[in-house]
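Heads up: the sequence shown begins at 0 in numbering that gives the first Met the number 0, then just goes up one per residue.
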Amino acid sequence: MVFDVHSQVLHEVDELAWELLRSGLNTYAEAVEKLGSRFGTADIAGALGEITALRARGLLYAPDPHADYDPPPPLVKALCLNVAHHCNLACRYCFAAAPEAAAKLMPKATARRAVDYLLAASGARRHVEIDFFGGEPLLNFPVIRDTVEYARRRGKAVGKEVGFTVTTNGLLLTPEIIRFLLNNRVNVVLSLDGRPEVHDRLRHTVRGQGSHAASLTRIRQFVSAWRQWDGPRGYYYLRGTFTRHNLDFADDFCYLVDQGFDKISLEPVVSLPCTDYGLREEDLAEIRYEYQRLADIYLELARQNAGLRFFHFQIDLDEGPCLPKRLAGCGAGHAYLAVDAEGDLYPCHQFIGREEFLMGNVFTAELRYDLVEHFRHAHVYTKEGCVRCWAKFLCSGGCHAHAYLENRSVLKPSRLGCALMRARLEAALYVQAAKNTPTAR
Ligand code: SF4
Ligand code: SF4
């Protein structure tokens with residue numbers, strides 16, 4: 000397969016075309032001299048002709064169409080409300096589990112103020128989003144319920160639609176809460192890491208017991224209610240984290256499918272390599288192999304179940320997300336902000352509590368515009384190494400928080416994060432190719 004970075008076209012090529020493209024041979028004389036012992040001269044002429052034609056149509060060696068990219072003006076479209084900086088679990092890899100992180104619940108008045116802030120800061124934009132995050136956000140369910148009702152009411156009054164997402168470990172999903180989430184079309188991200196031994200190794204209750212069985216039971220109840228719901232509803236998906244302890248994470252995907260789930264994502268843990276569970280450079284070969292194994296398993300299972308989705312293999316080369324999203328990713332710090340229990344604003348949940356990234360407060364509605372500008376200008380044309388990276392329009396410059404964690408700069412992507420991203424995208428491109436052209440497998 001050959002991926003043309005700037006046109007985003009994925010070509011399936013034969014061995015001759017591969018050799019020509021790989022070695023950059025574009026004159027007939029050169030090509031015959033280098034490849035004449037392996038391929039016929041007529042075939043070489045034909046393949047060169049096809050390459051020239053594709054080039055003329057802008058499908059090979061396409062120039063960068065966005066090289067002079069200027070990001071759009073800042074506009075806050077989404078807020079992450081950290082309604083509970085507190086959890087009923089003590090997962091070892093969670094930022095909210097840090098010993099210095101004091102348990103806090105966001106008061107109703109702060110959440111309401113955050114809604115007012117979002118409705119005002121989003122200008123003429125009609126659709127805005129609120130994510131309820133934690134810790135475990137359902138520990139503060141009364142505030143979630145109030146915020147949803149308040150935001151709907153206030154949104155309607157100013158002609159805006161507010162979408163909601165909650166990320167939960169599932170333990171507090173009672174029938175009442177499930178009904179509320181479905182009734183209010185709240186998107187639900189259910190956090191479960193896969194096989195019981197994998198999940199329980201790092202995700203304990205505060206008393207040190209495994210949490211897998213209890214989470215699975217509640218998550219199953221939610222998904223079953225979601226499937227039976229006949230009104231409008233939000234989406235759900237299962238989100239797992241893989242670490243150094245389960246580099247065979249394709250088996251966790253299979254486990255989750257066996258449990259009857261069909262919307263699944265598995266993310267690499269965000270951590271420094273010095274922890275026992277943090278991913279390291281020396282794990283890369285195994286991870287790359289595992290993504291390829293997962294791609295084959297996914298293709299096989301998707302043939303039997305048309306509704307099966309692995310979030311990270313769902314790339315769209317034809318349409319894809321809007322330009323700023325393709326070039327700058329999540330929008331943290333200028334289009335997306337996180338709010339802590341006191342109403343303090345940060346670029347995203349991963350930066351909460353880092354003094355140097357405190358951007359403002361919803362009660363004063365003032366923002367540090369130097370930080371806004373810093374994040375707005377953090378995109379694939381300013382981040383170190385991205386311009387020359389084949390994955391730039393699919394990766395969008397990686398996670399700012401991961402970059403900062405590793406390099407103390409949001410403009411210097413995590414080397415390991417980049418390698419993981421490229422391994423995952425290679426597998427995703429392969430899945431796209433195999434779905435569209437069965438010969439690609
Ligand atoms: S993989 Fe790394 S270098 Fe490539 S676009 Fe993403 S962040 Fe930039
Ligand atoms: S900076 Fe990273 S963790 Fe924060 S919202 Fe963006 S992708 Fe997510």
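Just so you know, even glycine gets a beta-carbon here, dropped at the ideal spot from N, CA and C.
What distance in whole Å lies between the Cβ atoms of residue j and residue i, which are believed to be in contact at a cut-off of 8 Å?
i: Gly-133; j: His-84; result: 7 Å
i: Leu-370; j: Phe-392; result: With a Cβ gap of about 26 Å, Leu-370 and Phe-392 do not count as contacting.
i: Ala-446; j: Arg-287; result: This structure gives no information on residue 446, because the portion of the chain shown stretches from 0 to 440.
i: Arg-153; j: Gly-342; result: Not a contact, Cβ separation roughly 17 Å.
i: Gly-276; j: Arg-194; result: Per the sequence shown, residue 276 should be read as Tyr rather than Gly. Rounded, the Cβ-Cβ distance is 15 Å, inconsistent with contact.
i: Ile-50; j: Ala-16; result: 7 Å
i: Val-82; j: Phe-131; result: 5 Å
i: Ala-102; j: Thr-146; result: With 8 Å as the limit, Ala-102 and Thr-146 do not qualify as a contact, their Cβ atoms being about 20 Å apart.
i: Met-0; j: Glu-14; result: Rounded, the Cβ-Cβ distance is 13 Å, inconsistent with contact.
i: Trp-228; j: Leu-271; result: Contact doesn't hold; Cβ gap of about 41 Å is too wide.
i: Leu-428; j: Leu-9; result: 6 Å
i: Leu-172; j: Phe-221; result: 5 Å
What is the rounded straight-line gap between the Cα of residue i and the Cα of residue j?
i: Arg-279; j: Leu-316; result: 30 Å
i: Arg-232; j: His-378; result: 34 Å
i: Ile-143; j: Ile-176; result: 10 Å
i: Leu-47; j: Glu-289; result: 36 Å
i: Phe-163; j: Leu-137; result: 14 Å
i: Arg-56; j: Ser-22; result: 21 Å
i: Leu-424; j: Tyr-236; result: 20 Å
i: Phe-350; j: Ala-400; result: 7 Å
i: Arg-387; j: Asp-63; result: 11 Å
i: Ala-444; j: Ala-334; result: As displayed, the chain neither begins before 0 nor continues past 440, which places residue 444 out of reach and without an answer.
i: Gly-259; j: Asp-199; result: 20 Å
i: Glu-285; j: Arg-91; result: 23 Å
i: Arg-125; j: Pro-73; result: 16 Å
i: Cys-385; j: His-244; result: 30 Å
i: Gly-326; j: Pro-320; result: What sits at residue 326 in the sequence shown is Leu, not Gly. Leu-326 and Pro-320: Cα-Cα distance of roughly 10 Å.
i: Glu-365; j: Gly-359; result: 6 Å
i: Leu-298; j: Lys-434; result: 8 Å
i: Arg-414; j: Glu-383; result: 10 Å
i: Leu-307; j: Glu-32; result: 49 Å
i: Asn-87; j: Ser-6; result: 47 Å
i: Ala-119; j: Val-256; result: 42 Å
i: Gly-352; j: Val-338; result: 10 Å
i: Leu-170; j: Thr-436; result: 42 Å
i: Gly-396; j: Met-420; result: 10 Å
i: Asp-251; j: Phe-310; result: 14 Å
i: Ala-212; j: Trp-225; result: 20 Å
i: Ala-30; j: Arg-292; result: 36 Å
i: Val-409; j: Ala-402; result: 5 Å
i: Ala-331; j: Ala-61; result: 30 Å
i: His-373; j: Leu-189; result: 32 Å
i: Phe-140; j: Leu-404; result: 31 Å
i: Glu-196; j: Pro-346; result: 34 Å
i: Arg-389; j: Pro-412; result: In the sequence as displayed, the identity of residue 389 is Trp instead of Arg. Rounded to whole angstroms, Trp-389 to Pro-412 spans 15 Å at the Cα level.
i: Asn-406; j: Cys-273; result: 14 Å
Among the options, which has the Cα closest to the Cα of residue i?
i: Leu-80; options: Arg-200, Ser-223, His-10, Ala-340; result: Ala-340
i: Gly-230; options: Arg-184, Ile-286, Leu-255, Phe-2; result: Arg-184
i: Asn-25; options: Gly-332, Met-0, Leu-53, Gln-7; result: Leu-53
i: Thr-167; options: Tyr-68, Lys-155, Val-187; result: Val-187
i: Ala-418; options: Cys-394, Lys-434, Tyr-429, Gln-431; result: Cys-394
i: Thr-240; options: Glu-266, Asp-247, Phe-252; result: Glu-266
i: Ile-218; options: Val-197, Arg-292, Ile-263; result: Ile-263
i: Asp-247; options: Glu-135, Phe-221, Asp-282, Lys-382; result: Asp-282
i: Ala-305; options: Leu-322, Leu-117, Asp-261; result: Asp-261
i: Leu-78; options: Leu-59, Cys-93, Glu-128, Ala-123; result: Glu-128
i: Arg-202; options: Asn-406, Val-268, Phe-310; result: Val-268
i: Phe-2; options: Leu-59, Glu-14, Asp-42, Arg-37; result: Leu-59
i: Pro-70; options: Pro-412, Asn-406, Tyr-380; result: Tyr-380
i: His-65; options: His-348, Lys-324, Ser-408, Phe-362; result: Lys-324
i: Val-361; options: Phe-38, Pro-346, Cys-93, Val-114; result: Val-114
i: Tyr-68; options: Ala-432, His-376, Gly-416, Arg-407; result: His-376
i: Leu-300; options: Ser-210, Gly-328, Val-430, Gly-209; result: Val-430
i: Tyr-368; options: Cys-329, Leu-336, Cys-398; result: Leu-336
Would you list the residues sitting across from residue i in a DSSP beta bridge?
i: Val-8; result: Asp-3
i: Val-161; result: Val-127
i: Asp-343; result: Asn-360
i: Thr-204; result: Leu-88
i: Glu-266; result: Thr-240
i: Ala-331; result: Tyr-335
i: Thr-166; result: Val-188
i: Glu-365; result: Asn-360
i: Asn-139; result: Bridge partners of Asn-139: none, in fact.
i: Arg-232; result: According to DSSP, Arg-232 bridges with nothing at all.
i: Cys-398; result: Cys-398 is not bridged to any residue.
i: Ala-77; result: Glu-128, Tyr-335
Consider the Cβ of residue i: report whether some Cβ of chain C lies at a distance smaller than 8 Å.
i: Thr-109; result: Of the chains in the structure shown, none is chain C; there is only one protein chain.
Neighbourhood of ligand 1 [Cβ distance below 6 Å to any heavy atom], ordered by chain position: Sorted by chain position, residues whose beta-carbon lies closer than 6 Å to a non-hydrogen atom of ligand 1 are Val-379, Lys-382, Gly-384, Cys-385, Cys-388, Ala-390, Lys-391, Cys-394, Gly-396, Gly-397, Pro-412, Cys-417, Met-420, Arg-421.
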